[in-house]
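Working notes, beginning with the structure itself.
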Amino acid sequence: MNCSEELKRFVGLTGIPVASTLMGLGIFPCTDDLSLHMLGMHGTIQANYAVDRSDLLLAFGVRFDDQVTGKVEAFARNATIVHIDIDPAEIGKNKKPHLSICTDVKLALEGINTILEKNAAKQPTAENKRGKGTKFNDNVSAWIEEIDEQKEKYPPSYRTFGEAIPPQYAIQLLDELTNGNAIVCTGVGQHQMWAAQYYKHKNPRHWLSSSGLGAMRFGLPAAMGAALAKPDAIVVDIDGDGSFMMNIQELATIRVENLPVKIMLLNNQHLGMVYQFEYEYGDGDSLHSYMGNPSNQAQVFPDMLMFAEACNITAARVTKKSRAERGNREDVEDSWSIYARCDDTPSSTSAAVDSRWWHFQRCYQRCSVNVQQMQFYCELSSTNTMENKK
23 MNCSEELKRF VGLTGIPVAS TLMGLGIFPC TDDLSLHMLG MHGTIQANYA VDRSDLLLAF
83 GVRFDDQVTG KVEAFARNAT IVHIDIDPAE IGKNKKPHLS ICTDVKLALE GINTILEKNA
143 AKQPTAENKR GKGTKFNDNV SAWIEEIDEQ KEKYPPSYRT FGEAIPPQYA IQLLDELTNG
203 NAIVCTGVGQ HQMWAAQYYK HKNPRHWLSS SGLGAMRFGL PAAMGAALAK PDAIVVDIDG
263 DGSFMMNIQE LATIRVENLP VKIMLLNNQH LGMVYQFEYE YGDGDSLHSY MGNPSNQAQV
323 FPDMLMFAEA CNITAARVTK KSRAERGNRE DVEDSWSIYA RCDDTPSSTS AAVDSRWWHF
383 QRCYQRCSVN VQQMQFYCEL SSTNTMENKK
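Just add 22 to the spot in the sequence shown (first one is 1) and you have my numbering.
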């Protein structure tokens, strides 16, 4: 636990790149040159490429979840795997390591770093291409360059059309406004993966998501708890309409307790990830994943602004990027929400899992985000009373 500083120190000593699981976001800054961001089903090309091609995989505090590994027998097939975890039940449960250490990761990293520092003191250090004074041999340097080629070739991307507001854009704007320092909470679905992919997580324990438990409705109460625990922090619930509607009554609690919770609601009037999989793998056959009004699909239904008004929480609707930028900059120190609605096929979150990196490449290109004819309605809300905001 609390091993973020030790991990940064380890990376500084070795120059080894870092790929994170969904639950590990923020333990190593996504903005660092050696960050590969997230791996797995919804991860980056470079992270999956690096794991697949690596000859040594140091697995700190992970469980080799199936959404990370794909076919377990093909995952990191060329690597010697060292698994370090505090829970003995996790060692070898899903992926058998070549070497395992059952201990607190922080203690393990402290011990490893001590050995590395002693060895480094005995040998001259080389200046690597990122300007860090580390012992950085030619083989590792070439490996980093190989991974960087993947970063440059397959950057995260999505399509934009004029003033329309794609959900990824809204999350990137949030990242810009908060400088990556917000405590981000999520429900479950497409919004969860977009929040993981497009928010540049920089701090440990600033990402609160149910992850493998798959608990829809988690985001809003998690944000409430975070706001109580860290009253001076910016706390944002990035949510989808499916998850949000399961705990929407907590808006009343937020109002009564005057909690400074910000809510970014990406509302496509679908169970978006379910619909995406139906569309991509089920020939478009959809069953009960549409959450709008079937008799009037042009209507924003249900009207989230009315829920906010019922709880005496101010709200405003934004329909254009320029208004989103202006409104969010004005309200970032207050509590606000963004509700985004699309009328077309929901955007894809990522590639489908396969154990070989080139399948990730192919699927990533195939699942590039389609926002043609999408129409987003963004609504900003505040926990200040309606009267105070007038």
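Glycine included, each C-beta is placed from N, C-alpha and C at the ideal position.
- Counting along the chain, residue 102 sits inside the beta strand (DSSP E) bounded by residues 102–107.
- Cβ atoms of residue 63 and residue 47 stay farther apart than 8 Å, at about 15 Å.
- Assigned with DSSP and collapsed to three states, residue 224 falls in coil, not helix or strand.
- Between residue 249 and residue 283, the CB-CB gap stays under 8 Å.
- Rounded to whole angstroms, residue 238 and residue 140 show a C-alpha spacing of 48 Å.
- Under the three-state reduction of DSSP, residue 204 is assigned to coil, being neither helix nor strand.
- Counting only the Cα atoms, residue 335 lies some 48 Å from residue 97.
- With respect to the 8 Å criterion, residue 72 and residue 169 are classified as neighbours on the basis of their beta carbons.
- Distance between residue 193 and residue 213, taken at the CA atoms: about 9 Å.
- Residue 42 carries a strand assignment under DSSP once its states are collapsed to helix, strand and coil.
- Rounded to whole angstroms, residue 268 and residue 346 show a C-alpha spacing of 26 Å.
- In the structure shown, residue 93 falls within a coil segment according to DSSP collapsed to helix, strand and coil.
- Judged by DSSP secondary structure, residue 262 falls outside any alpha helix (DSSP H) and instead within the beta strand (DSSP E) spanning 257–262.
- Selection 29, 223 and 44 evaluated against residue 198 yields 223 as nearest (Cα-Cα).
- Only residues of its own chain outside the window of five on either side were considered, and among them 105 and 113 have a CB closer than 6 Å to the CB of residue 122, listed in chain order.
- With fewer than 16 other Cβ atoms inside 10 Å of its own Cβ, residue 136 counts as exposed.
- For residue 26, the CB contacts under 6 Å within the same chain, skipping 5 residues up- and downstream, are 49 and 226 in chain order.
- Judged by their CB atoms, residue 281 and residue 246 are nearer to each other than the 8 Å cut-off.
- Annotation for residue 110: 124 place their beta carbon closer than 7 Å to its own, counting only its chain and skipping 5 residues before and after.
- In this chain, residue 143 is not harboured by any beta strand (DSSP E); it is covered by the alpha helix (DSSP H) spanning 127–144.
- Residue 293 and residue 264 do touch by the CB rule: their CB atoms are close to 5 Å apart, below 8 Å.
- Taking the Cα positions, residue 177 is about 8 Å away from residue 67.
- One Cα belongs to residue 45, the other to residue 231, and the distance between them is close to 7 Å.
- A buried status is given to residue 69, since no fewer than 16 other beta-carbon atoms sit within 10 Å of its beta-carbon.
- DSSP lists 292 as the beta-bridge partner residues of residue 312.
- Membership of residue 26 in the alpha helix (DSSP H) is indicated by the continuous run 26–36.
- When DSSP reads this structure, residue 82 sits in a beta bridge with 106.
- Of the other Cβ atoms in all chains shown, 16 or more fall within 10 Å of the Cβ of residue 289; this residue is therefore buried.
- Beta-bridge partners assigned by DSSP to residue 71: none are found.
- Residue 281 carries a coil assignment under DSSP once its states are collapsed to helix, strand and coil.
- Distance from the CA of residue 91 to the CA of residue 115, rounded to the nearest whole angstrom, comes to 13 Å.
- Scanning 219, 142 and 188 for the CA closest to the CA of residue 41 turns up 219.
- If you draw a straight line from the Cα of residue 51 to the Cα of residue 318, it comes to about 45 Å.
- Residue burial annotation: residue 303 is exposed, with fewer than 16 other C-beta atoms found within 10 angstroms of its C-beta.
- Residue 124 is bridged by DSSP to 107.
- When rounded, the separation of the alpha-carbon atoms in residue 185 and residue 85 is 42 Å.
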